[in-house]
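Engineer:
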Amino acid sequence: SQQGEEDPQALSIQEGENATMNCSYKTSINNLQWYRQNSGRGLVHLILIRSNEREKHSGRLRVTLDTSKKSSSLLITASRAADTASYFCATDYSGGSNYKLTFGKGTLLTVNP
Amino acid sequence: NAGVTQTPKFQVLKTGQSMTLQCAQDMNHEYMSWYRQDPGMGLRLIHYSVGAGITDQGEVPNGYNVSRSTTEDFPLRLLSAAPSQTSVYFCASSLGTSGYNEQFFGPGTRLTVL
Chain E
1 SQQGEEDPQA
11 LSIQEGENAT
21 MNCSYKTSIN
31 NLQWYRQNSG
41 RGLVHLILIR
51 SNEREKHSGR
61 LRVTLDTSKK
71 SSSLLITASR
81 AADTASYFCA
91 TDYSGGSNYK
101 LTFGKGTLLT
111 VNP
Chain Y
114 NAGVTQTPKF
124 QVLKTGQSMT
134 LQCAQDMNHE
144 YMSWYRQDPG
154 MGLRLIHYSV
164 GAGITDQGEV
174 PNGYNVSRST
184 TEDFPLRLLS
194 AAPSQTSVYF
204 CASSLGTSGY
214 NEQFFGPGTR
224 LTVL
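Protein chains in written order, with the numbering used here: chain E, 1 to 113; chain Y, 114 to 227.
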């Protein structure tokens, strides 16, 4: 079964507004990654946060991780029309002998000009 | 670098046919994997490899075979296509075999099984 679940499933905002997406997961993880997928394309890595980190920034992106609640959030500030895409969280859970990265179902973000 | 390449981009098969989806990377990555993406289901891991000669099953391996004879190539074989295998297939690779490495994705293969 999939490890991460994003919320909301869809989000529509105006250009310039901030967008917040959440990810919840079920078991202990080593790290959590966020990816973006533009329509009809492959996924592109955005940011990785380790289990011992609480917050990380990259440009207009801010990611937080709360391991006690098994959740993460991705904040995109001052959104642009080009940010329109699906956003996925992916977790590398700490159990098992081999590395497996499992993805959630994604949040579809629409930024209206 | 071309990154991760996948061929073909589109394919239509009849039920029972077999075919191979090709995936190659030129970044000398150890880890390669195959995912399928279905509407409302996100990405599900089919098979993965932590190096040449080593493969393992993911979440949804039934109906698919893989092999990894070289570092660069990781083909996915559909043995006897079924309509339930209609999906978009993504190949991905990463430098290392731990979750601390970002995945690089190919552009995908859109497969329809009639």
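C-beta atoms are modelled at their ideal positions from N, C-alpha and C, and glycine is treated no differently.
1. Over what stretch of residues does the beta strand (DSSP E) that includes E/Thr110 continue unbroken?
2. So for Y/Ala194, helix, strand or coil by DSSP?
3. From Y/Asp139 to Y/Phe217, what does the alpha carbon distance come to, in whole angstroms?
4. Compute the distance between the beta-carbons of Y/Ser162 and Y/Phe187, then report whether it is under 8 Å.
5. Give the secondary structure of Y/Asp139 by DSSP, where H, G and I count as helix, E and B as strand, and everything else as coil.
6. Taking Cβ-Cβ distances shorter than 8 Å, what residues in chain E pair up with Y/Pro220?
7. Taking only the alpha-carbon atoms, compute the straight-line gap between Y/Val226 and Y/Leu191 and give it to the nearest angstrom.
8. Thinking C-alpha only, which one of E/Ser71, E/Thr77, E/Arg60 and E/Gln14 is nearest E/Gln33?
9. For Y/Arg181, is the classification buried or exposed, using 16 other Cβ atoms within 10 angstroms of its Cβ as the cut-off for buried?
10. Let me check understanding here. Comparing Cα to Cα, which of E/Gly42, E/Arg54 and E/Glu55 lies closest to E/Ala85?
11. Quick one: which residues of the region 127-143 of chain Y get their C-beta closer than 8 Å to a C-beta of chain E? List them in chain order.
12. Under 9 Å Cβ-Cβ, which residues of chain E neighbour Y/Phe203?
13. Here's the rule: buried if 16 or more other CB atoms are within 10 angstroms of the residue's CB, otherwise exposed. What is Y/Phe123?
14. Report the option in E/Asn52, E/Ser51 and E/Ser79 whose CA atom is closest to the CA atom of E/Val111.
15. Counting contacts by CB-CB distance shorter than 8 Å, is E/Lys105 in contact with chain Y?
16. By DSSP, does E/Ala19 sit in helix, in strand, or in coil?
17. Are the C-beta atoms of Y/Gly155 and some chain E residue less than 8 Å apart?
18. Give every residue of the same chain whose Cβ lies closer than 7 Å to the Cβ of Y/Thr128, excluding the five residues on either side of it in the sequence, and list them in chain order.
19. Taking CB distances under 8 Å as the criterion, tell me whether Y/Glu215 reaches chain E.
Structural biologist: Looking at the coordinates:
1. Thr107 to Asn112
2. coil
3. 11 Å
4. yes
5. coil
6. Arg41 and Gly42
7. 11 Å
8. E/Ser71
9. buried
10. E/Gly42
11. none
12. Gly42 and Leu43
13. exposed
14. E/Ser79
15. yes
16. strand
17. yes
18. Ala194, Ala195, Pro196, Val226 and Leu227
19. yes
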